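There are 2 protein chains.
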Amino acid sequence: MHPVNLEPGDQPFADATPRAVQPLAAQSVGVGVIGLGNVGSGTLAILAENADQIALKLGFPLRVEAVCSRSVADKQIPAALGSPVRTTNWREVVDHPDVQIVVELVGGTTVAREIIEAAAARGKSVVTANKELMALSGADLWDSAIAARINMAMEASVAGGIPIHAVLREGISGDRINTLYGILNGTCNYILTEIERRGAGFDSVLREAQEAGYAEADPSADVDGFDARSKLAILAALAFGERIVPADIYTEGIRRITPIDFGYAHMLRHTIRLICAARQTPDGLLLSVRPSLIPQSTILAGVRGAYNAVWVRGKYGADTFYYGRGAGPHPTGVAVVSDLMRVAREIRSGSPERVSPFAHARLGEYLPIPISLNRAAYYLRFRVKDRPGIIAQLAAALAAESISIEGVLQLPDEDASDLPFVITVEPTTEQALRDALARMAKMEFLIEPPLAMPIEASL
Amino acid sequence: MHPVNLEPGDQPFADATPRAVQPLAAQSVGVGVIGLGNVGSGTLAILAENADQIALKLGFPLRVEAVCSRSVADKQIPAALGSPVRTTNWREVVDHPDVQIVVELVGGTTVAREIIEAAAARGKSVVTANKELMALSGADLWDSAIAARINMAMEASVAGGIPIHAVLREGISGDRINTLYGILNGTCNYILTEIERRGAGFDSVLREAQEAGYAEADPSADVDGFDARSKLAILAALAFGERIVPADIYTEGIRRITPIDFGYAHMLRHTIRLICAARQTPDGLLLSVRPSLIPQSTILAGVRGAYNAVWVRGKYGADTFYYGRGAGPHPTGVAVVSDLMRVAREIRSGSPERVSPFAHARLGEYLPIPISLNRAAYYLRFRVKDRPGIIAQLAAALAAESISIEGVLQLPDEDASDLPFVITVEPTTEQALRDALARMAKMEFLIEPPLAMPIEASL
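Chains as they are written, first to last, in this note's numbering: chain A, 64 to 522; chain B, 64 to 522.
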């Protein structure tokens, strides 16, 4: 007996294979996997190799009934999975009468949405790894899912190896979250920590990362912060129950970070990471993705290489921290399989009543506000053509916006003809800082616009 | 309508209060809290202050129907909770017709067990923070809970602020765990990191911790490792699905750790923490609670003060790390409330089908083995009456057990009359090490038995 909405004309049992010879299959929950790239193949490997433990933890097995890929003929399906239907047409997976959970791993926001909507229309639950679609339309898709009385799970959409969805949805659901910081793009973190470790420049580290397969040929989604932005949009929506529009999140990439910046950051006992921040302030919720100075003594500063991490502060539970691989077929596969187990358990227990993870939005206490209202100390790095009076002019621009200088830093061994130096300023608003930077824009001794980064104190 | 097993003679609606004036109450899930110490009062505070967000996340409110404490008359109940029944008799809470979930916060293994069994007998689910009882009898109590078709939740029993149960039960349930390391006793970690930070001795730091309320008047459960042992027993049972007998876990406390040991550990680029370890080896599962050297570069080494942390390595998901407050009314209260929300959701969705979190025990691949089979490099610290030939004699004892010396360390500024020095040895078995230490027992130049700590390499 499968709780599948059969359409007129469906013949789920037309297949003459005698099912009775597979006694467990009658109790299994059927899975269909659409998309057999890295994550899909990792998922199938875990479902095959770890089947015994999965079945014991659940009390019943998961059974892969159908798989779909544009190049399905070339894909190796683990022998332990038996002979699932292999197809290039995703509708065959969604329509398969024994598929109770549809795993959407094709990515993007077009076909993926069609797959999810088709599954919901047939009363089938969905597991997805699609950060882009969930960031854009997660709340709406959840509303449809609830209306269709299906479940939806998306652990794999953010920080593959870190079970941050389970943490926010269940582990600390009783807390009231104030602040969430994330290092959510492994490529950026790898590049930054390589610049820090070896003193190499951004371009050469990026090229190496591309050669090693850690970065895409077109690196923009990673190094310009858009991938991290999608992930922050999802996590902030879950943590604060707000509908977050990704394009509204202030986003700045890491292309301008140089070894010099790490030298100055270290002088200040800080380091630099691409920080995804969501902070409740008295005015509202501040969201940003940007390179930031964080104290070397904090646990986030210890996140190196392609790892991801999330740091959460709640009103009651204080600070907690979560760390793991951000991507990879197997870590992300664990997220997909763990979601499958949870959804399968709920299907078996016949539980249709659920609430959108975005449900607490109605409190309205976390409405996003513009980044110009951010208040922080800032690091300002200048490259100038040397001449007298530079500091005086910069200081005047800051003073005109009532910004106090905290310190001026200059590394001793720099070439005097192209002189990067740093001014740190006391906490001010981003708006005041922008106004001061606008005043500086006309100063002809600047070789490039100043690089401004917040110095995160609340970590 | 409440899914409560009514006994003949119960008169749940004899109370004449017109329930119709509280429209939400009809949809609420009723909670009874037994034990109003630190965790109980933290739980009530969160249920009161965070009620709006909890109700939105769940789709219905939680309602505290009854509270019990031996000194209930002296307890402040948050006004927002209304007027729950207040009693000194826990049976009144369990028997209350509107209580659907019983929260057991009395601790210990006698009354707590009675409470849980009485709740199960009435078909009521249980949330508990009881590490001792869960470590001793968790698997049996779970079997009873399943037979009674109730749910049981115990997030608060280990590492209060860290949602490690949610992580193991759901977040990474699809993985196959190889190794789990924990820093699970905040008092020990506070004492060790204060010794490290200030160079103060164990006794004086302990005394300060007692005066500040961080350590009990009788500190044995903490500093001798028994509290950590209970927590490791629970986490290892969840991670590996084995029935773990706490008394079988090799356990060693931190009383012998001195500032000198940190000096030597730092020379080796390591630090010292009370490490709870559960590792799968080719021979079986190795469990231990003991002070250990861990590399300074690892993320566990950054865990300071009263924080807890858990580091997990899975076959597929690689390493993940979880960090937060180990205790405290509010962090532990978050764990209790989050459990209440999950259990309430399952009650409302009418889902009785569940599996013990210890279910995968049947695989039998993780059977615990004796610590004598542990294989590690070791740190051996000696205090001796100085005379010629000491190193030669110690080296001979090690050589007799085929143990190779890795290095000999002596801090330069030590008083020659009472000379702590260190020998590190290459990986060997704990049995060989013990045999060598037995040979040394007769050497009259030793002021005290050598202090032996493993050097953890697999972190």
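Note that the Cβ used here is the ideal one computed from N, Cα and C, for glycine as well. Please read these numbers as outputs of a predicted model, since none were measured by experiment.
The criterion of a C-beta distance shorter than 9 Å is not satisfied by threonine 256/B and glycine 326/B. Taken through DSSP and simplified to helix, strand or coil, threonine 334/A comes out as strand. For alanine 372/B, the three-state secondary structure derived from DSSP is strand. Between the segment 218-226 of chain B and the segment 330-346 of chain B, the count of C-beta pairs closer than 8 Å stays below three; the two stretches do not touch. The segment 438-453 of chain B and the segment 226-241 of chain B do not touch, with fewer than three beta-carbon pairs separated by less than 8 Å. With respect to arginine 126/A, valine 418/B sits apart: the two C-beta atoms are not nearer than 9 Å.
Identification of chain A residues near isoleucine 235/B by a Cβ-Cβ cut-off of 7 Å yields Pro226, Val397 and Ser401, ordered along the chain. Per the coordinates, the alpha-carbon of leucine 356/A lies some 30 Å from the alpha-carbon of glycine 380/B. By the CB criterion at 9 Å, glycine 264/B and glycine 288/B fall outside the cutoff.
In this structure, Ile225/A is the residue among Gly170/A, Trp153/A, Ile225/A and Gln139/A with its C-alpha nearest to the C-alpha of tryptophan 374/B.
Proximity of the segment 193-201 of chain B to the segment 159-172 of chain B meets the contact definition, three or more beta-carbon pairs being nearer than 8 Å. Taking the beta carbon of threonine 492/A as reference, no residue of chain B falls within 8 Å; the closest one sits roughly 29 Å away. With 16 or more other Cβ atoms inside 10 Å of its own Cβ, glutamine 163/A counts as buried.
Between phenylalanine 325/B and chain A, the shortest Cβ-Cβ separation is not below 9 Å. Nearest C-alpha to phenylalanine 123/B among Trp153/B, Gly145/B and Val92/B: Val92/B. Closer than 7 Å at the C-beta level to chain B, one finds these residues of the segment 359-388 of chain A: Ile362, Gly365, Gly377, Tyr379, Gly380, Ala381, Asp382, Thr383, Phe384, Tyr385, Tyr386, Gly387 and Arg388. Contact between the segment 350-366 of chain A and the segment 509-519 of chain A is present, with at least three C-beta pairs closer than 8 Å. Positions of the alpha helix (DSSP H) runs, each at least 4 residues long and wholly inside the segment 83-161 of chain A, are given as 101-112, 114-121 and 153-158 in order along the chain.
CA-to-CA, the gap between methionine 506/B and tyrosine 253/B works out to about 35 Å. With the criterion set as a beta carbon lying under 9 Å from some beta carbon of chain B, the members of the segment 304-335 of chain A are Gly304, in sequence order.
Scanning the segment 290-350 of chain A from its first residue to its last, the whole beta strand (DSSP E) runs of 3-plus residues come out as 333-344. For tyrosine 313/A, same chain residues with a beta-carbon under 6 Å away, outside a window of 5 residues either side, are Ser351 and Ile434 in chain order. For proline 394/B, the nearest CB of chain A lies under 9 Å from its own CB, placing it at the interface with that chain. For aspartate 382/A, the enclosing beta strand (DSSP E) begins and ends at 381-388.
DSSP, reduced to helix, strand and coil, places arginine 239/B outside both helices and strands of the structure shown, so it counts as coil. For alanine 229/B, the neighbours in chain A by C-beta distance under 7 Å run, in chain order, Ala229, Val230, Glu233 and Gly234. The C-beta distance from leucine 144/A to isoleucine 179/A rounds to 23 Å, too long to meet the 8 Å contact threshold.
According to the DSSP assignment, tyrosine 429/A belongs to no alpha helix (DSSP H), since it is labelled neither H nor E. The residue among Arg292/A, Leu363/A, Ala272/A and Ser267/A with its C-alpha nearest the C-alpha of proline 322/A is Ser267/A. Residues of the segment 246-266 of chain B with a C-beta atom less than 8 Å from some C-beta of chain A do not occur. For glutamine 116/A, the closest Cβ of chain B is nearer than 9 Å. Among the CB atoms of chain A, none fall inside 9 Å of the CB of isoleucine 164/B. Approximately 6 Å separates the beta-carbon atoms of glycine 186/A and alanine 211/A; this is inside 8 Å, confirming the contact. From the beta-carbon of arginine 239/B, the residues of chain A found nearer than 7 Å are Asn113 and Gln116.
For isoleucine 518/A, no alpha helix (DSSP H) encloses it; the enclosing beta strand (DSSP E) starts and ends at 514-518. Taking every protein chain shown into account, the CB of lysine 294/B has 16 or more other CB atoms within 10 angstroms, so this residue is buried.
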